[in-house]
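Each number in my numbering corresponds to the 1-based position in the sequence shown with 46 added.
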Amino acid sequence: MDLKSFARKITDKAGSCRLLLDEPMALHTTFRAGGPAAVFAEPENGEQLRDILFLCREDGIPCTVIGRGSNLLVGDRGYQGVIIHIGDAMSSIRVDGCRIEAEAGCLLSTLARTARDHSLTGLEFAAGIPGSLGGALVMNAGAYGGEMKDVLREALILDRTGELRWIPAEKLDLGYRTSRLQKEEMVGLAARLELLPGDPEAITACMNDLAEKRRSKQPLEYPSAGSTFKRPEGHFAGKLIQDAGLSGYTAGGACVSEKHCGFVINKDHGTAADILAVCRHVEEEVERQTGIRLEMEVRLLGDF
Ligand SMILES: Cc1cc2nc3c(=O)[nH]c(=O)nc-3n(C[C@H](O)[C@H](O)[C@H](O)COP(=O)(O)OP(=O)(O)OC[C@H]3O[C@@H](n4cnc5c(N)ncnc54)[C@H](O)[C@@H]3O)c2cc1C
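And the structure:
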């Protein structure tokens, strides 16, 4: 079945779900690169999302769920399938004492500020991470000594069979930038977090301090997906790349940031192919010089 006809099937089943055809993924990723998604769907609730996943499975159509696209590189030839974007329509946050229940589409920064506004500490690390809660569950996002694992109690998961259930954090295999959601292609719909009472002024001061650290060390003025590579055991990716003489290494419009070598940036209208070419060269050159193979933290999607 061609994807345009398939989009009509989605409309029949999940009527009010926003659907876009041939939607450029450069508009939905922080790298600002990437070709079109044949079908781009923005469900309003978990039921619509489940319906779309069900239809895709039934017809054998490739399907991927994304959040804010801040850890994602989509190929220039796009994605021949359905990309489901969990965004603002699924981003409610509810606070009850020291507990927060939030939907996957909420921004981590909004979540961290909401916690602060309720005098809750524990999410300061997340305030400067430009992703969604769903993406943070999948990646076990973390920074400056904190990570999702520290605050997550349980997550509402839709598994590949279409079953919906709350899974306790300790059963989600949360590790360094990894989780069971990644390995088993589960969809994260919501999460319950447990925080501690704190002083809002101290929380704000901590967030401001971390934001200043980011501004001074990271190339936030250019499109990127944050740290491009995972930290290899016992090393820092940025230092290995710097020591390999790759600071500023360029392919087309993409390059290794001279401000922070751990970031590959889209400096001047680079394509996904440019960005990937820089990444591959970095992996090969660092391995040739040190024997250490860097692993990309950024997730690749679609046809390059
Ligand atoms: C400037 C900058 C700074 C950054 N700093 C940090 C940092 O300090 N620490 C850190 O950990 N990360 C950092 N990141 C990376 C990124 O923000 C995180 O990995 C974030 O958690 C990704 O969330 P997202 O919603 O953008 O996910 P996306 O990029 O949309 O998706 C990431 C992966 O998760 C999958 N996915 C997304 N949502 C769901 C869902 N609900 N269910 C199932 N699968 C899903 C996608 O298919 C994809 O494989 C940074 C990025 C940028 C651009």
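Glycine included, every Cβ here is placed at the ideal spot set by N, Cα and C.
Residues of its chain near residue i, where Cβ-Cβ distance is below 7 Å and the 5 sequence neighbours each way are ignored
{"i": "ALA83", "result": "GLU69, MET71, GLY124, TYR125 and ILE129"}
{"i": "ARG260", "result": "GLY174 and LEU266"}
{"i": "THR207", "result": "none"}
{"i": "CYS252", "result": "GLU170"}
{"i": "THR57", "result": "LEU65"}
{"i": "ASN91", "result": "MET136"}
{"i": "LYS59", "result": "ASP97 and LEU101"}
{"i": "GLY294", "result": "CYS301, VAL302 and GLU304"}
Where residue i falls, given that 16 or more other Cβ within 10 Å makes a residue buried
{"i": "ARG238", "result": "buried"}
{"i": "GLN264", "result": "buried"}
{"i": "GLY272", "result": "buried"}
{"i": "GLY127", "result": "buried"}
{"i": "LEU99", "result": "buried"}
{"i": "ARG162", "result": "buried"}
{"i": "LYS313", "result": "buried"}
{"i": "PRO97", "result": "Reading the sequence as shown, one finds Asp at residue 97 and not Pro. Buried is the call here."}
{"i": "TYR222", "result": "exposed"}
{"i": "GLU343", "result": "buried"}
{"i": "SER262", "result": "exposed"}
{"i": "ALA201", "result": "buried"}
{"i": "GLU258", "result": "exposed"}
{"i": "SER62", "result": "exposed"}
{"i": "GLU149", "result": "buried"}
{"i": "PRO269", "result": "buried"}
{"i": "LEU242", "result": "exposed"}
{"i": "ARG114", "result": "buried"}
{"i": "GLY133", "result": "buried"}
{"i": "ALA34", "result": "Residue 34 lies beyond the residue range present for the chain, which begins at 47 and ends at 350; the question has no answer from this structure."}
{"i": "ALA248", "result": "exposed"}
{"i": "LEU118", "result": "buried"}
{"i": "LEU346", "result": "exposed"}
{"i": "GLY234", "result": "buried"}
{"i": "THR73", "result": "Per the sequence shown, the amino acid found at residue 73 is Leu instead of Thr. Label assigned to LEU73: exposed."}
{"i": "GLY180", "result": "buried"}
{"i": "LEU95", "result": "buried"}
{"i": "LEU220", "result": "buried"}
{"i": "GLY151", "result": "buried"}
Same chain only: Cβ atoms within 6 Å of residue i, ignoring 5 sequence neighbours per side
{"i": "ALA297", "result": "ASP320, ALA323 and VAL324"}
{"i": "PRO176", "result": "SER116"}
{"i": "HIS131", "result": "GLU88 and ILE112"}
{"i": "ALA182", "result": "LEU154 and MET194"}
{"i": "PRO278", "result": "ILE338"}
{"i": "LYS305", "result": "PRO265"}
{"i": "ALA158", "result": "LEU169, ALA172 and ALA173"}
{"i": "ALA290", "result": "GLU331, VAL332 and GLN335"}
{"i": "LEU49", "result": "ALA84 and VAL85"}
{"i": "GLN288", "result": "CYS307"}
Own chain partners of residue i with C-beta closer than 8 Å, once the 5 adjacent residues on each side are dropped
{"i": "ASP105", "result": "MET47, PHE52 and LYS55"}
{"i": "MET232", "result": "ILE203, LEU204, ASP205, ARG206 and ARG226"}
{"i": "LEU256", "result": "GLU170, PHE171, ALA173, GLY174, ALA189 and TYR190"}
{"i": "LEU286", "result": "PRO278, VAL332, THR336, ILE338 and LEU340"}
{"i": "GLY299", "result": "ASN312, LYS313, ASP314, HIS315, GLY316, THR317 and ASP320"}
{"i": "TRP212", "result": "GLU200, ALA201, LEU202, ILE203 and ARG238"}
{"i": "GLU230", "result": "ASP205 and ARG206"}
{"i": "THR75", "result": "GLY115, SER116, LEU118, LEU119, VAL120 and ALA271"}
For residue i: DSSP bridge partner residues
{"i": "PRO82", "result": "PRO70"}
{"i": "ARG64", "result": "GLU88"}
{"i": "MET342", "result": "PHE275"}
{"i": "ALA148", "result": "ILE139 and ALA237"}
{"i": "CYS102", "result": "None; CYS102 has no bridge partner."}
{"i": "LEU347", "result": "VAL120"}
{"i": "ILE129", "result": "PHE86 and THR110"}
{"i": "THR167", "result": "LEU242"}
{"i": "VAL310", "result": "VAL302"}
{"i": "LEU153", "result": "SER178"}
8 Å contact criterion, which residue i and residue j should meet: CB distance rounded
{"i": "THR274", "j": "GLY308", "result": "7 Å"}
{"i": "VAL141", "j": "THR160", "result": "7 Å"}
{"i": "GLY121", "j": "GLY284", "result": "Contact doesn't hold; Cβ gap of about 25 Å is too wide."}
{"i": "SER137", "j": "PRO246", "result": "SER137 to PRO246, Cβ: 22 Å. No contact."}
{"i": "CYS187", "j": "ARG199", "result": "The question names Cys, but residue 187 is Ala in the sequence shown. With a Cβ gap of about 16 Å, ALA187 and ARG199 do not count as contacting."}
{"i": "THR167", "j": "GLY244", "result": "3 Å"}
{"i": "CYS144", "j": "GLU240", "result": "6 Å"}
Check: residue i C-beta below 8 Å from any heavy atom of ligand 2
{"i": "ILE175", "result": "Judged by which ligands are present, ligand 2 is missing from the structure shown, whose ligands are ligand 1."}
_Sequence ranges, beta strand (DSSP E) only - wholly within the segment 171-259, length at least 3_ = If we require 3 residues or more, the beta strand (DSSP E) runs fully inside the segment 171-259 come out as 198-204, 210-214 and 233-240.
*asked:* Please give the ranges of any alpha helix (DSSP H) in the segment 263-303, keeping only runs that are unbroken, at least 4 residues long and fully inside the region.
replied: You should have 283-289.
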